[in-house]
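Engineer: In this note's numbering, the protein residues as written are 420 to 713. Virtual Cβ for every residue (Gly too), placed ideally from N, Cα, C. Please read all numbers here as calculations on a predicted model, not as lab measurements. Provided herewith is a single structure, encoded as structure tokens, for subsequent inquiry.
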């Protein structure tokens with residue numbers, strides 16, 4: 420079993436009588452079902468349906484004061500806490516940014532026999548393992564307690580990339596990507612049966628009409644390592660942007676319709692000047708919107 424403390428993650432706490440309903444009315448996932456030891460993946464969107472911030476949500480047990488805990492990108496913790504504060508109006512909700520005192524330990528390649536408080540399985544993909552919310556200074560002690568080898572963050576990044584789970588800010592841009600484009604619909608980050616939330620109309624329309632042309636897909640690197648943000652081209656036509664990569668694997672944000680056309684034509688793919696190919700060609704084709712006859 421392996422573990423890594425993720426210094427790029429922060430924690431926000433929502434407490435108060437109205438906290439659960441307040442958050443549930445704002446975000447893409449169903450918060451009413453969250454309990455201690457479980458979590459949901461979700462996002463706060465703009466009214467136009469684009470991702471402001473994505474996060475994992477769990478509930479703190481009574482011994483930790485209760486409330487909802489959001490595992491968020493560290494750089495977004497303060498602005499997200501501020502934005503949630505603007506939304507609350509007269510709701511009985513307290514928003515606290517706990518990032519300076521609480522962080523995230525990722526655990527994978529095994530299940531902890533001992534699960535400390537604030538442990539929950541990553542809801543996006545079982546292969547990602549578990550998260551434990553702990554202060555940075557207790558990360559090594561916690562890893563030893565559960566019998567995990569404490570590694571650096573690069574080891575977790577390589578595992579995340581191999582699992583095919585995007586990371587905001589490198590695989591897609593906050594404020595510019597729809598949930599479908601970052602595969603939130605496939606990572607259980609959007610509940611299509613819940614009531615209204617900010618941006619729901621746009622997301623529902625994309626789901627029912629199948630209009631998402633841009634997706635994050637896995638790629639294999641045939642040579643060097645392309646820089647994140649490198650343009651991907653095929654047949655001298657731009658088809659997307661390179662994201663994160665490690666150990667010969669990477670993630671890329673691509674136009675699936677253009678990529679499918681290039682595949683049909685047998686054209687090579689380049690990220691910058693580095694050759695790449697898709698890890699799962701069938702998945703790329705499946706993502707592409709179906710062509711309709713005139």
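Would you kindly check if the distance between the Cβ of residue 586 and the Cβ of residue 632 is under 8 Å?
Structural biologist: Not a contact, by the Cβ cut-off of 8 Å.
Engineer: With a cut-off of 8 Å, does the C-beta of residue 509 fall near any C-beta of chain B?
Structural biologist: Looking for chain B here will not work: only one protein chain is present.
Engineer: Whole-angstrom Cβ separation of residue 449 and residue 439, contact assumed at under 8 Å?
Structural biologist: About 11 Å; that fails the 8 Å criterion.
Engineer: If you compare alpha carbons, which of 563, 607, 668, 681 is closest to residue 576?
Structural biologist: Of the candidates 563, 607, 668, 681, the one whose C-alpha sits nearest the C-alpha of residue 576 is 668.
Engineer: When burial is assigned at 16 or more other CB atoms within 10 Å of the CB, is residue 693 buried or exposed?
Structural biologist: So residue 693 ends up on the buried side.
Engineer: If you follow the beta strand (DSSP E) that residue 540 is in, where does it begin and where does it stop?
Structural biologist: 538-540 is the extent of the beta strand (DSSP E) around residue 540.
Engineer: Quick one: what's got a C-beta closer than 8 Å to residue 712's C-beta in the same chain, skipping five residues either side?
Structural biologist: Low per-residue confidence applies at residue 712: pLDDT is 42, beneath 50, and the placement is therefore not dependable enough to give any value.
Engineer: Note down, in chain order, each residue of its chain lying with its Cβ closer than 8 Å to the Cβ of residue 591, except the 5 sequence neighbours on either side.
Structural biologist: Answer for residue 591: 470, 585, 600, 601, 635, 662, 672, listed in chain order.
Engineer: How close, in whole Å, do the beta carbons of residue 538 and residue 456 come, if the pair is a contact with beta carbons under 8 Å?
Structural biologist: About 7 Å separates the two Cβ atoms, so the contact holds.
Engineer: Express the C-alpha separation of residue 423 and residue 524 in angstroms, rounding to a whole number.
Structural biologist: If I take the Cα positions, the gap works out to 6 Å.
Engineer: Around the C-beta of residue 466, are 16 or more other C-beta atoms found within 10 angstroms, so that it is buried, or is it exposed?
Structural biologist: The residue in question, residue 466, is exposed, as its Cβ has fewer than 16 Cβ neighbours within 10 Å.
Engineer: For the beta strand (DSSP E) that contains residue 664, what are its first and last residues?
Structural biologist: First-last of the beta strand (DSSP E) with residue 664: 656-665.
Engineer: State the Cα-Cα distance for the pair residue 695 and residue 504, rounded to the nearest angstrom.
Structural biologist: Residue 695 and residue 504: Cα-Cα distance of roughly 44 Å.
Engineer: Near residue 614, which residues of its chain fall below 7 Å by C-beta distance, leaving aside the five closest residues on each side in sequence?
Structural biologist: Correct list: empty, nothing qualifies.
Engineer: DSSP state of residue 599, grouped into three classes?
Structural biologist: Of the three classes helix, strand and coil, the one that applies to residue 599 here is coil, per DSSP.
Engineer: What is the DSSP secondary structure of residue 676, reduced to helix, strand or coil?
Structural biologist: Residue state, collapsed to three classes: helix.
Engineer: Per the DSSP calculation, residue 714 is bridged to which residue(s)?
Structural biologist: Nothing in the structure corresponds to residue 714, since the chain is present only between 420 and 713.
Engineer: Verify whether the separation of the beta carbon atoms of residue 430 and residue 518 is less than 8 Å.
Structural biologist: It is a contact, given that the beta carbons lie within the stated cut-off.
Engineer: Can you say whether residue 454 is buried or exposed, counting buried as having 16 or more other CB atoms within 10 angstroms of its CB?
Structural biologist: Result: exposed.
Engineer: Verify whether the separation of the beta carbon atoms of residue 475 and residue 616 is less than 8 Å.
Structural biologist: No, the pair does not count as a contact, with Cβ atoms beyond the cut-off.
Engineer: Assign residue 649 to one of two classes, buried (16 or more other C-beta atoms within 10 Å of its C-beta) or exposed (fewer than that).
Structural biologist: By the neighbour-count rule (16 or more Cβ atoms within 10 Å), residue 649 is buried.
Engineer: Alpha carbons only, please: which of 544, 425, 611 is nearest the one belonging to residue 556?
Structural biologist: Closest by alpha carbon: 425.
Engineer: Kindly give me the distance between the Cβ atoms of residue 447 and residue 462, rounded to whole angstroms, as I take these residues to be in contact under 8 Å.
Structural biologist: With 8 Å as the limit, residue 447 and residue 462 qualify as a contact, their Cβ atoms being about 5 Å apart.
Engineer: Excluding sequence positions up to five away, which residues of its chain have a Cβ less than 8 Å from the Cβ of residue 487?
Structural biologist: Taken in chain order, the residues that qualify are 432, 433, 434, 438, 439, 442, 450, 453, 476, 477, 478, 479.
Engineer: Output the distance between the C-alpha atoms of residue 641 and residue 681, rounded to the nearest integer angstrom.
Structural biologist: In a straight line, the C-alpha of residue 641 is about 18 Å away from that of residue 681.
Engineer: For the beta strand (DSSP E) containing residue 688, list its first residue and its last residue.
Structural biologist: Unbroken beta strand (DSSP E) run through residue 688: 688-690.
Engineer: List in chain order: all unbroken alpha helix (DSSP H) runs of 4+ residues lying wholly within the region 515-584.
Structural biologist: Counting only runs of 4 or more, we get 558-565, 572-582.
Engineer: Can you pull the DSSP bridge partners for residue 635?
Structural biologist: According to DSSP, which records beta bridges pairwise, residue 635 is partnered with 672.
Engineer: Using the rule of at least 16 other Cβ atoms within 10 Å of the residue's Cβ for burial, across every protein chain shown, is residue 578 buried or exposed?
Structural biologist: With 16 or more other Cβ atoms within 10 Å, it is buried.
Engineer: According to DSSP, is residue 685 part of a helix, a strand, or is it coil?
Structural biologist: In the structure shown, residue 685 sits in coil (DSSP, three-state: anything other than H, G, I, E or B).
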